[in-house]
Each structure stands twice: as C-alpha cells, then as structure tokens.
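Chemist:
Numbering (our numbering), first residue to last: 24 to 252.
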C-alpha cells in the first residue's frame with residue numbers, strides 16, 4: 024500500500040460505477056488512479072470528486088509499471104470541499120482544467136504543489152484574481168516568465184521588454200500590467216479592475232500558447248468570462 028496527497032484535476036467515468044482520477048501528487052507529480060465503485064449507490068466518496076480538492080489516496084501496489092494504480096482508500100483533506108458559490112466554483116474548474124492540460128508530463132515539483140495549495144486558499148477566501156496570479160506564477164516556476172526590463176513593450180515571443188511594439192495585443196497598457204506582476208512582492212494582494220482582469224487573462228493565454236507546447240485555451244474559460252464580464 025502507498026498513500027499519496029494529491030490535488031484532483033479531472034476525472035472520467037468508466038463504465039457504470041468506476042472512474043479514472045487525474046491528479047497532481049506531492050510525491051510523484053502527475054498521476055492517474057482507478058477508483059472502483061465510486062459511482063455505486065452505497066459509495067460515499069463521490070462528493071470528493073470536485074476540482075482542486077486535496078485528497079489522501081491509498082493505492083494498491085501496481086502489478087505492472089504500465090498499469091494504472093487502483094485506489095483502496097480515499098479521504099478528503101481537512102477544509103477541502105466543494106463550494107456553493109458559483110463564481111468560486113467556476114474559477115476552481117478553470118484552474119483545474121488549466122493544470123490538467125499543462126501538468127500531464129510533470130514529475131515531482133514541491134514548489135508547484137505548494138503554489139496550488141496557496142491559490143486554492145486564495146480562491147476560497149474569495150480572491151477572484153487569484154487564478155490569474157497563479158498562471159503567472161506557474162510561468163515563473165516553469166522558467167518561461169518574462170524578464171523585467173525598462174522598455175515599454177513586452178515581446179511575448181522572446182519574453183523581453185523592448186522599445187517598439189512587437190505584438191498588436193501587447194501594447195503599453197498590457198506590458199505595464201506584466202511589469203506590475205513582475206515587480207510585486209506578493210501578487211496575490213494585487214487587485215485588478217474589470218478591464219485589466221480581462222486583458223491580462225487574454226495576454227496570459229497568448230503567452231501560454233507561445234511558450235507551452237500544444238497549449239490551447241481551456242473551454243471552461245468561457246464560463247469564467249460570462250460570470251465576471
């Protein structure tokens with residue numbers, strides 16, 4: 024038996040009663056687990072299947088290296104539960120959706136695991152800019168965030184500030200927003216205006232498409248836009 028602490032990123036129903044859980048674990052990075060019978064009528068674990076819930080999962084030892092580990096026990100960590108607030112839920116779904124896409128090849132990364140803990144706490148405290156800060160921090164942890172410079176315009180291709188605009192979306196206003204994040208000692212304390220939030224979100228998605236191989240804008244982003252715009 025082996026116990027792992029993990030954030031649930033997504034899950035897929037398998038058959039009538041089973042599911043495959045995709046998680047980011049503190050011990051081994053991205054992992055998938057087979058939850059037998061989690062959809063059965065008597066099973067009380069189904070409510071645990073909520074994006075970014077922190078789960079304590081005990082698995083049977085895999086019989087082969089290429090076989091998915093089967094869950095023998097699953098517990099919900101304290102203070103991790105689904106929220107009834109629609110805006111909060113939509114942000115959690117989007118953040119988990121983003122992570123499921125970018126972490127599929129990610130191994131053990133304690134810094135990133137702790138950052139997921141932080142953003143979830145911020146979201147639960149109704150910090151509705153937290154998911155933007157988290158994506159920015161993910162870029163920093165991954166080593167592809169822009170380098171600060173005194174020039175006016177951020178070049179999203181090179182990640183360097185330049186004297187002349189290189190991308191029509193990265194004008195002086197957007198570039199200044201990036202500088203604010205780069206200069207901030209605690210970006211989670213920053214508060215953006217509605218138009219700034221929307222613009223920075225678009226800029227983040229463009230930057231991710233450039234610097235993360237195969238990245239595409241998650242479909243769940245449309246829900247977030249509807250709620251906040």
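Ideal Cβ positions, reconstructed from N, Cα and C, are used throughout, including at glycine.
Between residue 244 and the rest of its own chain, which residues show a CB-CB distance below 7 angstroms, the 5 nearest in sequence each way excluded?
Modeler: 117
Chemist: Keeping to the same chain, check which residues put their C-beta closer than 6 angstroms to that of residue 174; ignore five residues upstream and five downstream.
Modeler: 184, 185, 186
Chemist: Which partner residues does residue 52 have in the DSSP bridge list?
Modeler: 48
Chemist: Taking a contact to mean a Cβ-Cβ separation below 8 angstroms, would you say residue 155 touches residue 227 in this structure?
Modeler: If you check the CB distance, residue 155 and residue 227 come in under 8 angstroms.
Chemist: Here's the rule: buried if 16 or more other CB atoms are within 10 angstroms of the residue's CB, otherwise exposed. What is residue 247?
Modeler: buried
Chemist: Would you check if the region 207-214 and the region 147-164 touch, i.e. whether three or more CB-CB distances between them fall below 8 angstroms?
Modeler: yes
Chemist: Do residue 50 and the ligand MN come close, with the Cβ less than 7 angstroms from some heavy atom?
Modeler: Among the components modelled here there is no ligand, and therefore nothing to report on the ligand MN.
Chemist: How far does the beta strand (DSSP E) with residue 36 in it reach, from first residue to last?
Modeler: 25-37
Chemist: If you count every other CB in all the chains shown that lies within 10 Å of the CB of residue 30, and 16 or more means buried, which is it?
Modeler: buried
Chemist: Express the C-alpha separation of residue 172 and residue 35 in angstroms, rounding to a whole number.
Modeler: 44 angstroms
Chemist: Note the first and the last residue of the continuous beta strand (DSSP E) segment covering residue 128.
Modeler: Per DSSP, residue 128 belongs to no beta strand (DSSP E) and is neither H nor E.
Chemist: In the DSSP assignment, the beta strand (DSSP E) including residue 95 goes from what residue to what residue?
Modeler: 92-99
Chemist: Write down the C-beta distance between residue 75 and residue 97 rounded to the nearest angstrom, noting that I regard them as a contact closer than 8 angstroms.
Modeler: Their Cβ separation, rounded to whole angstroms, is 15 angstroms, which puts residue 75 and residue 97 out of contact at 8 angstroms.
Chemist: On a Cα-Cα basis, can you pick out the residue from 167, 49, 125 that is closest to residue 132?
Modeler: Comparing Cα-Cα distances from residue 132 to each of 167, 49, 125, the minimum goes to 49.
Chemist: For residue 177, write down the residues that DSSP places opposite it in a beta bridge.
Modeler: 184
Chemist: According to DSSP, is residue 81 part of a helix, a strand, or is it coil?
Modeler: strand
Chemist: Taking residue 27 as the reference, give the member of 92, 199, 73 with the closest Cα.
Modeler: 92
Chemist: Going by DSSP, what residues sit across from residue 218 in a beta bridge?
Modeler: Paired residues: none, contrary to the question.
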